[in-house]
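S.K.: Below: one structure in structure tokens.
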Amino acid sequence: MSDECLRTVPVSLGAEVVVCGGGPAGLCAAIAAAQEGADTLLIERYGFLGGMATAGLVNPFMPYYTGGKQIIRGLFQEIIDRLDAAGGWSHRQDEWARDAFDPEIMKLVAQEMAEEAGVRLRLHTMVVDVAANDGHMEQVLLASKSGWEAVEGRVFVDATGDGDVAARAGAQYEQGRAEDGLSQPMTLMFRMGGVDEKRIPARGEINALYDEAKAAGEINNLRENVLWFYTTRPGEIHFNTTRVVKRDGTSAADLTEAELEARRQVGQMVRFLVEKIPGFENAYLMATATQIGVRESRRIIGEYVMTEDDVLGARKFPDAIARGCYDIDIHDPGGTGTVIKQLPEGESYDIPYRCLCPRGFDNLLVAGRPISATHEAHSSLRVMPIAAALGEAAGVAAAMCVERGQTVTGVDVTALRQRLVERGASLSAE
Ligand SMILES: Cc1cc2nc3c(=O)[nH]c(=O)nc-3n(C[C@H](O)[C@H](O)[C@H](O)COP(=O)(O)OP(=O)(O)OC[C@H]3O[C@@H](n4cnc5c(N)ncnc54)[C@H](O)[C@@H]3O)c2cc1C
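Per the numbering used here, the sequence shown starts with residue 398, numbered consecutively.
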């Protein structure tokens with residue numbers, strides 16, 4: 398929107414900290430900022446919170462422990478505790494069943510935590526543009542059933558997963574892998590109910606039948622195998638197995654095509670499972686995600702860019718505000734295959750605060766999936782537990798900026814780290 402048009406939009410809301418996007422990162426950013434005393438507004442396009450953990454039906458939480466130690470705690474641990482208390486947490490420890498949670502309970506937990514912290518919520522509202530000058534954010538522009546609105550804030554946190562706010566504000570970003578700009582594939586998650594779990598064959602057997610169905614033209618899916626998980630309920634199986642490649646998660650046209658293609662794949666997969674796989678004879682499609690899952694889109698260039706070497710070298714940073722231990726995990730952006738590169742056994746890497754600070758901005762932080770990282774490093778740090786930890790750090794930092802009248806790059810990182818540890822975070826130099 399032109400500056401001239403923008404000036405005609407009424408300013409209907411304002412807050413000290415404005416968080417855009419209510420996924421794991423934005424939820425934790427908003428809760429943390431409010432708990433640290435900032436008047437905080439959280440803007441979310443859907444009618445519920447949780448982001449990919451709810452709208453994307455993404456499950457389970459990828460590892461947040463290594464070498465026998467839990468490396469992500471803080472608000473993320475509180476989410477687990479509340480999921481557990483509400484009956485929405487899996488206690489099974491086997492590889493394909495652990496760390497599963499109930500997405501509906503997650504919606505409740507997310508809302509309760511935000512409301513208890515005093516976060517002001519604006520749901521059903523999309524951030525579509527910004528007013529920013531010379532690296533300073535002034536407003537975000539909203540579109541909703543109420544029409545156009547503008548929101549003023551002192552510090553803004555972009556937790557849209559796609560870096561929508563930072564990109565609109567003119568921040569530099571990259572997309573996809575270096576050689577051709579392609580991002581990781583998208584996946585529409587789905588769940589089957591009524592499965593007789595005891596009769597499900599070995600994974601290899603399912604994959605062999607899947608290969609046959611692909612060869613027979615019954616399934617058009619570039620994914621190399623069937624990826625499935627147990628859930629919190631017996632008889633309910635979670636599938637992370639559709640694959641749509643060469644689409645851009647920041648293009649509405651591409652998202653439309655991807656959504657249609659993925660749903661066709663779901664139909665084929667359901668038919669295949671019911672007809673060919675023992676244990677699924679009486680199974681039914683019980684849910685598909687509200688939206689297709691976008692693994693990768695924009696990566697905002699920050700004061701530091703995380704690399705594959707940082708991840709695989711388990712690098713430590715003096716301004717670490719979160720830790721990660723998930724593998725480099727790149728689902729082939731062009732087709733079939735998945736590249737996995739593991740960290741050394743029992744090791745974790747640090748994520749520096751500078752990755753949350755878009756280059757050249759004084760009152761904007763990025764949290765969650767689009768923080769500053771290469772395609773390779775992003776494939777590790779994109780998972781939900783890390784997004785939650787990054788969000789909590791961004792929220793505390795934003796509140797500190799408000800309280801002390803500082804810029805985001807002027808934050809006293811020693812004080813930030815100390816505050817995060819006091820809040821329960823696990824940082825490597827504790
Ligand atoms: C297919 C797939 C499989 C995955 N598998 C796993 C897994 O098994 N385990 C794991 O731990 N992680 C997994 N991940 C990664 C993880 O789900 C995401 O990377 C993580 O949720 C990122 O958190 P986030 O808060 O940064 O973004 P998101 O979870 O994407 O949340 C962003 C939020 O912002 C809102 N939003 C976006 N744009 C706007 C806007 N312009 N205005 C207002 N609101 C907006 C969205 O509605 C959403 O609520 C997977 C991801 C995908 C896509």
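We treat Cβ as the ideally placed atom computed from N, Cα and C, and that holds for glycine.
Small disclaimer: the values here were computed from a predicted structure and weren't measured.
1. Between residue 827 and residue 735, what straight-line distance do the alpha-carbon atoms span, to the nearest angstrom?
2. Residue 775 by DSSP, collapsed to three states: which one?
3. State yes or no: is the C-beta of residue 844 within less than 8 Å of the C-beta of residue 692?
4. Since residue 590 sits in a beta bridge, which residues does DSSP pair it with?
5. In this structure, how does DSSP classify residue 752 when only helix, strand and coil are distinguished?
6. Verify whether the separation of the beta carbon atoms of residue 662 and residue 452 is less than 8 Å.
7. For residue 626, tell me which candidate among 698, 804, 600 and 574 has the shortest Cα-Cα distance.
8. Taking Cβ to Cβ, would you say residue 785 is nearer than 8 Å to residue 421?
9. Cβ of residue 499 within 8 Å of Cβ of residue 480?
10. Spell out the partners DSSP gives residue 713 in its beta bridges.
11. Measuring only between beta-carbons, confirm whether residue 636 sits less than 8 Å from chain C.
12. Among 634, 805 and 783, whose alpha-carbon lies nearest the alpha-carbon of residue 470?
13. Among 535, 521, 598 and 730, whose alpha-carbon lies nearest the alpha-carbon of residue 620?
14. First and last residue of the alpha helix (DSSP H) that includes residue 669?
15. I'd like the list of long-range same chain contacts for residue 350, defined as Cβ closer than 8 Å, with 5 residues on each side in sequence excluded.
16. Give me, in chain order, the residues of the same chain whose beta-carbon lies closer than 7 Å to that of residue 707; leave out the 5 immediate sequence neighbours on both sides.
17. Keeping to the same chain, check which residues put their C-beta closer than 8 Å to that of residue 712; ignore five residues upstream and five downstream.
18. Using the three-state DSSP reduction, which class does residue 798 fall into: helix, strand or coil?
19. Go to residue 417, then tell me how far its beta strand (DSSP E) extends in each direction, as first and last residue.
20. The beta strand (DSSP E) that contains residue 572, what's its start and end?
21. Can you tell me whether residue 813 is helix, strand or coil according to DSSP?
22. Quick check: the Cα distance between residue 764 and residue 697, rounded to an integer number of angstroms?
23. Quick one: what's got a C-beta closer than 8 Å to residue 487's C-beta in the same chain, skipping five residues either side?
24. Using three-state DSSP, classify residue 496 as helix, strand or coil.
25. State yes or no: is the C-beta of residue 680 within less than 8 Å of the C-beta of residue 623?
26. Rounded to a whole number of angstroms, what is the C-alpha to C-alpha distance between residue 462 and residue 716?
27. Within 7 Å: the Cβ of residue 636 and any heavy atom of ligand 1?
28. I'd like to confirm something about residue 786: is its beta-carbon nearer than 7 Å to some heavy atom of ligand 1, or not?
29. For residue 742, does the count of other Cβ atoms within 10 angstroms reach 16, so buried, or fall short, so exposed?
30. Should residue 638 be labelled buried (16 or more other beta-carbon atoms within 10 Å of its own) or exposed?
31. Expressed to the nearest angstrom, what Euclidean distance is found between the alpha-carbon atoms of residue 434 and residue 550?
32. Which residues in the same chain as residue 555 place their Cβ atom closer than 6 Å to its Cβ, once the five residues preceding and following it in sequence are excluded?
33. Report yes if the C-beta of residue 781 is less than 7 Å from at least one heavy atom of ligand 1; otherwise report no.
34. Locate the alpha helix (DSSP H) running through residue 738, then write down its first and last residues.
35. If you follow the alpha helix (DSSP H) that residue 608 is part of, which residue opens it and which one closes it?
36. Please indicate yes or no: does the CB of residue 666 lie closer than 7 Å to some heavy atom of ligand 1?
M.R.: In brief:
1. Annotation note: pLDDT 48 at residue 827 (below 50); position unreliable, coordinate value reported separately. Rounded to the nearest angstrom, the two C-alpha atoms are 35 Å apart.
2. The DSSP-derived three-state label of residue 775 is helix.
3. Residue coverage of the chain in this structure runs from 398 to 827, which leaves residue 844 outside it and unanswerable.
4. According to DSSP, residue 590 bridges with 681.
5. In this structure, DSSP gives residue 752 a helical state, which the three-state scheme calls helix.
6. Cβ atoms of residue 662 and residue 452: not closer than 8 Å.
7. Nearest to residue 626 by C-alpha distance, out of 698, 804, 600 and 574, is 600.
8. Taking the C-beta atoms as reference points, residue 421 is found nearer than 8 Å to residue 785.
9. Residue 480 is positioned such that its CB atom lies closer than 8 Å to that of residue 499.
10. Beta-bridge partners assigned by DSSP to residue 713: none are found.
11. In the displayed structure, chain C is absent; only one protein chain is listed.
12. The option with the nearest alpha carbon to residue 470 is 783.
13. Of the candidates 535, 521, 598 and 730, the one whose C-alpha sits nearest the C-alpha of residue 620 is 730.
14. Per DSSP, residue 669 belongs to the alpha helix (DSSP H) from 649-673.
15. Lying outside 398 to 827, the shown extent of the chain, residue 350 is not represented and no answer is given.
16. Excluding sequence positions up to five before and after residue 707, its CB lies within less than 7 Å of the CB of 746 and 774, all in the same chain and listed in chain order.
17. Closer than 8 Å at the Cβ level, and outside the excluded window around residue 712, lie 706, 746 and 747.
18. Taken through DSSP and simplified to helix, strand or coil, residue 798 comes out as helix.
19. Unbroken beta strand (DSSP E) run through residue 417: 408-417.
20. Counting along the chain, the unbroken beta strand (DSSP E) around residue 572 starts and ends at 570-572.
21. Assigned with DSSP and collapsed to three states, residue 813 falls in helix.
22. Between the alpha carbons of residue 764 and residue 697 lies a distance of about 10 Å.
23. The beta carbon of residue 487 is closer than 8 Å to those of 457, 494, 495, 496, 497, 498, 627, 628 and 629 in its chain, skipping five residues each way along the sequence.
24. Residue 496: coil per DSSP, three-state reduction.
25. Cβ atoms of residue 680 and residue 623: not closer than 8 Å.
26. Their backbone Cα atoms lie some 21 Å apart in a straight line.
27. No, the beta carbon of residue 636 sits no closer than 7 Å to any heavy atom of ligand 1.
28. Residue 786: no, Cβ never under 7 Å from ligand 1.
29. The residue is exposed, with fewer than 16 neighbouring Cβ atoms inside 10 Å.
30. Buried: at least 16 other Cβ atoms inside 10 Å.
31. Roughly 15 Å between the two C-alpha positions.
32. Beyond the five residues adjoining it in sequence on each side, residue 555 comes within less than 6 Å, by CB distance, of 417, 562, 563 and 763 in the same chain, given in chain order.
33. Checking the 7 Å criterion, the Cβ of residue 781 is within range of a heavy atom belonging to ligand 1.
34. First-last for residue 738: 735-738, but that is the beta strand (DSSP E), not the alpha helix (DSSP H).
35. That run of the alpha helix (DSSP H) goes 600-612.
36. Relative to ligand 1, even the nearest heavy atom lies 7 Å or more away from the CB of residue 666.
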